[in-house]
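Just below is one structure, and these are the notes that go with it.
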Amino acid sequence: MHRLIGPVLLFVMLVAMAQPVHAGKRVALVIGNGVYESVGNLVNPPNDARLMARTLRGLGFEVIEKIDATQKSMKRAVRNFGRALRDGGKETVGLFYYAGHGVQVQGANYMIPVDAQIENEGDVDIEAVEANSILSMMEHNGTGLNFIILDACRNNPFTRSFRSSARGLAEMDAPTGSFIAYATSPGDVAADGTGTNSPYTAALSKAMLEPGLAVELMFKKVRNAVRTRTNNNQTPWESSSLIGGNFYFNPEQTPEPVLPSPPKPAVQQNIPPSDMVIWQSIQNSTNTSEYELFIKQYPKSPFAPYARLKMGELKQIAKQKQIDRQNQIARQKEIDKQKLIDQKRLIAEQKKQLAEQKKLEKQKIQAQKEANNSNKLNKPKKPEKPSATTPIVITAPVQVAAIPAAADGFRSGRYRPKVIKTSGFCFEVTMAKMTADDTTIKGTWQDDMGYGNLKVTQEDEGYLVRWTGNSIRSEQRSVKIDGASLIFDVLLRWPGESCKISFRIPDVLNNQVTAQ
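Here it is, written out as structure tokens:
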């Protein structure tokens, strides 16, 4: 009798260890943001969120689902999520999933609502939702097991207006009883995917449904699948502080498919040599026709069930590839269509701006002609020469200001401006050839991020420079005249940044002017 106590006790302990932990209530908050108001849209996050919500509901989770959520909607969903966790008690399993734009600022991760208006880093804390606040809320409500899954490591859409250049998301510390999963490693970016879903969420949903797979092994399987799908360009990352026994998203143990045992040597089972030789030659093939032919020739072979199974797997893989290819073609057509629409819109706007500029130039030329005609009519008569009897009076020289006087006008023609120097947040600027008439110089400029128009007009008190493009406003700081050349210092401003550009337009003045 005593001999049975040890084995029985050991069996009870092993069974207890194999039982899934946290068999209580399961609650999940799933958010997928794709249609943004002020930054580029993302196609897959709403699809990813819907797939994840369906998967979790099938696994017994009570799911709060939000698609294209504003900041107010996201925060209300988080509040309701916290109430559900608190009502469930300590045995509740909490899971938060987010797909969409995400950024890191000073080591903190933020999820971007669709209505966020962000011009610089200081706006992020006001307009976005911090990921760490979700984790703190879950920990505060006393749930024993918490999951945070972030498929939000895509390109930062605010890079130009941010001072820092940090990529992807920052690593978060997982408190005891928590598991944090990222679509890719910290500081890196993840693919949105060319199919209906991102590579990460597609692999995660599939692995969650696999029965009897402990959570740590499940995420390892997801990591391997994503690396394979992305040619090793994306590696998912996890931070875990789980304790106690194993957790299973799908704890149900389903029997493995029963396949015939591998055949014994031909001497014992009397397997024809040709049967075995042909199977060995095709068992690693990816051609379904070879397995089809084998089944047709050897329908009663012990290897026939393996051939049928392999053929079914290959057909399923081919079908999925066809679906992915069709989705990719449809997605590319949509992208090309949108590019064509944007291009037509841009051309129309440029034509409109050009027409307005020509109209203004024509009006200024007409006004200048009228002013010149008026000056000719009011031109004073030449003084009469003094007679021999009239005394000549010599006056003292007039004091001339140190600032050089403006030239009479511009010399008409084409000119190549030269950038002298740049400072501040400036990219390499290229100045295109410019044209000039009596009162106006006009041309274009471009840098690594865009292009715009440059216009110099002669005013009553000097010269005015207008520099437009890419939401830029310009401030003219100084104008110098060097021989027949103009030298301009211009300060350019856009949200969060500025830079100073000095450039020269040589030999454009009708009169060569020097300082007195």
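Under the numbering used here, residues 126 to 641 are what the sequence shown spells out, in order.
Heads up, the beta-carbon is just placed ideally off N, CA and C, and yes, glycines get one too.
Endpoints, alpha helix (DSSP H) assigned at residue i
i: D533; result: Per DSSP, D533 belongs to no alpha helix (DSSP H) and is neither H nor E.
i: L589; result: Here L589 belongs to no alpha helix (DSSP H); instead the beta strand (DSSP E) covers G587 to T593.
i: I259; result: A256 to H265
i: N409; result: Looking at the DSSP string, N409 is not in any alpha helix (DSSP H), and its letter there is neither H nor E.
i: T268; result: Premise fails: T268 is in no alpha helix (DSSP H) and is neither H nor E.
i: N349; result: V340 to R354
i: M333; result: P324 to M333
i: V249; result: V249 to E252
Candidates the options: closest to residue i by CA position
i: I606; options: E246, N635, W619 and N578; result: N635
i: W570; options: R591, S163, G587 and T564; result: R591
i: G362; options: N371, G370, L294 and R539; result: Reading the sequence as shown, one finds Trp at residue 362 and not Gly. Nearest of N371, G370, L294 and R539 to W362, Cα basis: L294.
i: P238; options: N245, H226 and V230; result: H226
i: K331; options: S303, S365, N375 and V314; result: N375
i: D248; options: H265, E415, Q229 and I466; result: Q229
i: C624; options: A328, Q231, I597 and G608; result: I597
i: I368; options: A339, S610 and N234; result: A339
i: N358; options: Y223, N349 and S366; result: N349
i: S163; options: L184, T195 and R182; result: T195
i: E264; options: E216, K483 and Y235; result: E216
i: N169; options: Y223, L210 and K197; result: Y223
i: F535; options: Q583, E553 and I490; result: Q583
i: A277; options: M401, L220, E252 and D313; result: D313
i: S399; options: Y416, E417 and S426; result: S426
i: F304; options: R450, L471 and I259; result: I259
i: I273; options: A253, A308 and R470; result: A308
i: S364; options: E341, E377, M236 and N371; result: E341
i: G149; options: T180, G214, K543 and E553; result: G214
i: E622; options: N166, F221 and E246; result: E246
Status (buried if at least 16 other CB within 10 Å, exposed otherwise) for residue i
i: V212; result: With the sequence shown as reference, residue 212 is identified as Asp, and Val is not the correct amino acid for it. D212 should be labelled exposed.
i: D632; result: exposed
i: T555; result: exposed
i: Q457; result: exposed
i: Y576; result: exposed
i: P522; result: Low per-residue confidence applies at P522: pLDDT is 34, beneath 50, and the placement is therefore not dependable, though the value from the model is reported in the following sentence. Exposed: under 16 other Cβ atoms inside 10 Å.
i: S386; result: Reliability of the predicted coordinates at S386 is poor, the pLDDT of 45 falling under 50, and the value obtained from them is presented with this limitation in mind. S386 comes out exposed.
i: I243; result: buried
i: R151; result: buried
i: V218; result: buried
i: N498; result: exposed
i: T301; result: exposed
i: V347; result: buried
i: Q488; result: exposed
i: N271; result: buried
i: I626; result: buried
i: V581; result: buried
i: T560; result: exposed
i: S261; result: exposed
i: G463; result: Before going further, note that residue 463 is Gln rather than Gly in the sequence given. Burial call: exposed.
i: A707; result: This structure cannot settle anything about residue 707, because the visible part of the chain is limited to 126 through 641.
i: G568; result: buried
i: V254; result: buried
i: L329; result: buried
i: G232; result: exposed
i: N87; result: Nothing about residue 87 can be read from this structure; the chain reaches only from 126 to 641.
i: G320; result: buried
i: P336; result: exposed
For residue i, the first and last residue of its enclosing beta strand (DSSP E)
i: R598; result: R598 to D607
i: V544; result: K543 to G549
i: A306; result: S303 to Y307
i: E622; result: E622 to I630
i: F613; result: S610 to W619
i: A561; result: M559 to A561
i: F642; result: The chain is shown only over 126 to 641; residue 642 falls outside these bounds and no answer can be derived.
i: A233; result: A233 to M236
i: Q583; result: G575 to E584
i: S365; result: W362 to S365
i: V230; result: G227 to V230
i: D572; result: T565 to D572
i: Y540; result: G538 to Y540
Cβ of residue i within 9 Å of any chain D Cβ
i: F372; result: Looking at the structure shown, chain D is missing, and only one protein chain is on hand.
Practice item. Just list the alpha helix (DSSP H) runs in the region 145-216, keeping only unbroken ones of 4 residues or longer that don't cross its boundaries, in chain order. Key: 169-183 and 196-213
Review point. Between the region 172-181 and the region 200-207, do three or more beta carbon pairs fall short of 8 Å?
Key: no
Check your understanding: Is it true that the region 545-562 meets the region 617-636, where meeting means three or more beta-carbon pairs spaced less than 8 Å apart?
Key -> yes
Check your understanding: Touching or not, the region 324-333 and the region 347-361, by the rule of three or more beta carbon pairs under 8 Å?
Key -> yes
Review point. Do the region 150-163 and the region 185-193 make contact, defined as three or more Cβ pairs closer than 8 Å?
Key: yes
Point to revise | Three CB pairs or more closer than 8 Å across the region 405-418 and the region 433-446 | key: yes
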